[in-house]
């Protein structure tokens, strides 16, 4: 082996670098948790690009590279990170990710990932039991909610009567009914599947931004009159913008009546199945034909990791029924242990070990504690908002997603929209907090997703103080 390649794979060099990286990450974790650093050091995209284009290659130790990457990244473990739906991963799960990356077991077939395949079966069976599926339930793990929704909807499409779309292609006008507040990944999945805008039937939402299930029948009949075969309804648990949960029982009743597939996008809220306090928000989820739940949102795992669950395990095998003689031998058996029979991926990370490491080290009660803590924080923030006269709460939160805005007397709706966008931009550039914004009924709201169990009431008060300071100055 040439000298350079020997250096690449040298065990002693790896050990030394590993110690240095763990020390670096431990220091970062302490600094972030103790709020000794900002959530982020904002840089314009062009500045960030220029830095990395000009970064000297090959003449600096690897630890210097990682230190630069950390310093120029957003710090999810910071208690004042309150932005998107990405959790601060449990350190043990981050180490599991390292093991996955190092072993690099592809997992398409059992012999390329035996341990991770068996562990995946164990953790999927746990989630299947938690959502209330019986012994016929099953599932697998895939790379993110977008791919999870696509895979589940492909399974639904394969169940359309008298239409083997996997073999014959689209021959009919097929549609799916979704909430107007559904995540964009559902829309994207349906367009990838070839449905087009006509096949995406949006059900209006009410004042609480949940699906008006009483309109399902009328929308269904209208679709039929337009020549569209509705194959499924998608429920949100919860919606991304507002964190509000659709009435899953009502949707399930409609789907049962019309004999169509019921899919639940529980990417964010599905972790509530572990919580005695909040699992009522998912009432009816056990009646869904398929469900997606992200581990990297409310289940403390590094991204990306998504459970795709099926009420009837046979449905998970029908989706990708194809030949690949070099990989999969012809068999009549289901072969749960050969993942390529059911997942979009061929090569797949050992995602199961991330969740399993948390489960083994801390028990499943830690997931309940995390969900309870974060959903409780959402309620606490809502109380604090209502105590301040210059703030307006969009609606009472059901989860850890809270939408609100800063208001001023005698300022127009357009003016308030500009003001709240300016507040958000100033917060972003300052970097002490990280929040985002959304639009509800054409009004701009500040949006927080409280993802860190170490965020406390003091952090929430400081956020509102900062918003008020900026708002008063503009």
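In the working numbering, the protein residues as written are 725 to 1198. Note that CB positions come from ideal geometry on N, CA and C, so glycine has one too. Owing to the predicted nature of the structure, the values given are computational and were not obtained by experimental measurement.
Identity of the residue in the options nearest residue i by Cα
i	options	result
residue 908	985, 1044, 989, 1038	989
residue 855	747, 1011, 1058, 1136	1011
residue 1096	1079, 996, 1114	996
residue 835	929, 1064, 902	1064
residue 1175	1128, 987, 931, 800	800
residue 765	851, 795, 1112, 774	795
residue 839	825, 953, 1022, 1076	1076
residue 1090	876, 1177, 964, 858	1177
residue 1060	730, 1094, 837, 1180	837
residue 961	1016, 1033, 949, 943	1016
residue 957	981, 851, 950, 1121	981
residue 797	763, 1190, 852, 1106	763
residue 791	821, 753, 811, 820	753
residue 1024	738, 761, 811	811
residue 1032	883, 861, 731	861
residue 820	1104, 1118, 1078	1078
residue 808	1180, 1179, 1172, 1184	1172
Counted within 10 angstroms of its Cβ, other Cβ atoms place residue i as buried (16 or more) or exposed
i	result
residue 743	exposed
residue 1153	exposed
residue 1085	exposed
residue 1099	buried
residue 1182	exposed
residue 904	exposed
residue 844	buried
residue 913	buried
residue 1047	Any reading at residue 1047 needs caution, since the residue's pLDDT is 47, under 50, leaving its predicted position unreliable; the model's value is listed next. Its Cβ having fewer than 16 others within 10 Å, residue 1047 is exposed.
residue 1053	Residue confidence for residue 1053 is low, a pLDDT of 49 falling below 50, so the modelled location carries little weight; the figure read from the coordinates is stated next. Counting Cβ neighbours within 10 Å, residue 1053 comes out exposed, since fewer than 16 surround it.
residue 750	exposed
residue 1163	exposed
residue 1003	buried
residue 1087	exposed
residue 824	buried
residue 1195	buried
residue 1134	exposed
residue 1049	Note on residue 1049: pLDDT 46, under 50, position unreliable in the model; the coordinate value appears next. It is exposed - the Cβ of residue 1049 has fewer than 16 other Cβ atoms within 10 Å.
residue 1191	buried
residue 725	exposed
residue 846	exposed
residue 1020	buried
residue 1051	Any reading at residue 1051 needs caution, since the residue's pLDDT is 46, under 50, leaving its predicted position unreliable; the model's value is listed next. Residue 1051 is exposed by the Cβ-count criterion.
residue 921	exposed
residue 1109	buried
residue 1129	buried
residue 1121	buried
Boundaries of the alpha helix (DSSP H) in which residue i is found, first to last residue
i	result
residue 1018	It is not in any alpha helix (DSSP H) - residue 1018 instead sits in the beta strand (DSSP E) that spans 1014-1018.
residue 1097	1089-1110
residue 823	815-827
residue 872	869-882
residue 1077	1076-1086
residue 1064	Premise fails: residue 1064 is in no alpha helix (DSSP H) and is neither H nor E.
residue 845	838-855
residue 726	Residue 726 -> no alpha helix (DSSP H), and no H or E assigned at all.
residue 999	Looking at the DSSP string, residue 999 is not in any alpha helix (DSSP H), and its letter there is neither H nor E.
residue 1040	1038-1042
First through last residue of the beta strand (DSSP E) which encompasses residue i
i	result
residue 1116	1115-1117
residue 1164	1160-1164
residue 865	862-866
residue 1034	1030-1034
residue 790	Segment 786-795 is the alpha helix (DSSP H) holding residue 790; no beta strand (DSSP E) there.
residue 989	985-989
Chain D within 8 angstroms of residue i, Cβ atoms only
i	result
residue 897	Reference to chain D is not applicable here, since this structure consists of a single protein chain.
Check your understanding: Does the stretch 792-811 come close enough to the stretch 1146-1160 to have 3 or more Cβ pairs within less than 8 angstroms?
Key -> Yes, the stretch 792-811 is in contact with the stretch 1146-1160.
**Study point:** Ranges of the beta strand (DSSP E) found wholly within the stretch 950-981, counting only runs of at least 3
**Key:** Considered as a whole, the stretch 950-981 harbours 953-960 as its complete beta strand (DSSP E) runs of no fewer than 3 residues, in chain order.
Check your understanding: Does the stretch 820-832 come within contact of the stretch 1063-1076, defined as at least 3 CB pairs closer than 8 angstroms?
Key -> Contact between the stretch 820-832 and the stretch 1063-1076 is established, with three or more Cβ pairs separated by less than 8 angstroms.
Review point. Is it true that the stretch 735-749 meets the stretch 784-798, where meeting means three or more beta-carbon pairs spaced less than 8 angstroms apart?
Key: Contact between the stretch 735-749 and the stretch 784-798 is present, because at least three Cβ pairs lie under 8 angstroms.
Exercise for review: Check whether the stretch 933-941 touches the stretch 973-980, counting contact only when three or more Cβ pairs, one atom from each stretch, lie closer than 8 angstroms.
Suggested key: Between the stretch 933-941 and the stretch 973-980 there are three or more inter-stretch CB-CB distances shorter than 8 angstroms, so the stretches are counted as touching.
Check your understanding: Which whole runs of the alpha helix (DSSP H) in the stretch 893-942 are 4 residues long or more, in chain order?
Key -> Within the stretch 893-942, the complete alpha helix (DSSP H) runs of at least 4 residues are 908-916.
**Study point:** Stretch-stretch touch, CB-based, cutoff 8 angstroms, three pairs: the stretch 1137-1151 with the stretch 768-777
**Key:** They do not touch, by the three-pair rule.
Review point. Do the stretch 774-785 and the stretch 806-825 make contact, defined as three or more Cβ pairs closer than 8 angstroms?
Key: Because the criterion of three Cβ pairs below 8 angstroms is not met, the stretch 774-785 and the stretch 806-825 do not touch.
Check your understanding: Counting pairs of Cβ atoms below 8 angstroms between the stretch 860-869 and the stretch 1022-1029, do you hit three or more?
Key -> Taking a cut-off of 8 angstroms on C-beta distances, the stretch 860-869 touches the stretch 1022-1029, as three or more cross pairs fall below it.
**Study point:** Sequence ranges, beta strand (DSSP E) only - wholly within the stretch 739-776, length at least 3
**Key:** Counting only runs of 3 or more, we get nothing.
Check your understanding: Does the stretch 1122-1142 come within contact of the stretch 1037-1045, defined as at least 3 CB pairs closer than 8 angstroms?
Key -> Taking 8 angstroms as the limit for Cβ pairs, the verdict is that the stretch 1037-1045 does not touch the stretch 1122-1142.
Review point. Going along the chain, which unbroken runs of the alpha helix (DSSP H) with 4 or more residues stay wholly within the stretch 1126-1184?
Key: As far as the stretch 1126-1184 is concerned, its whole alpha helix (DSSP H) runs of at least 4 residues are 1137-1154.
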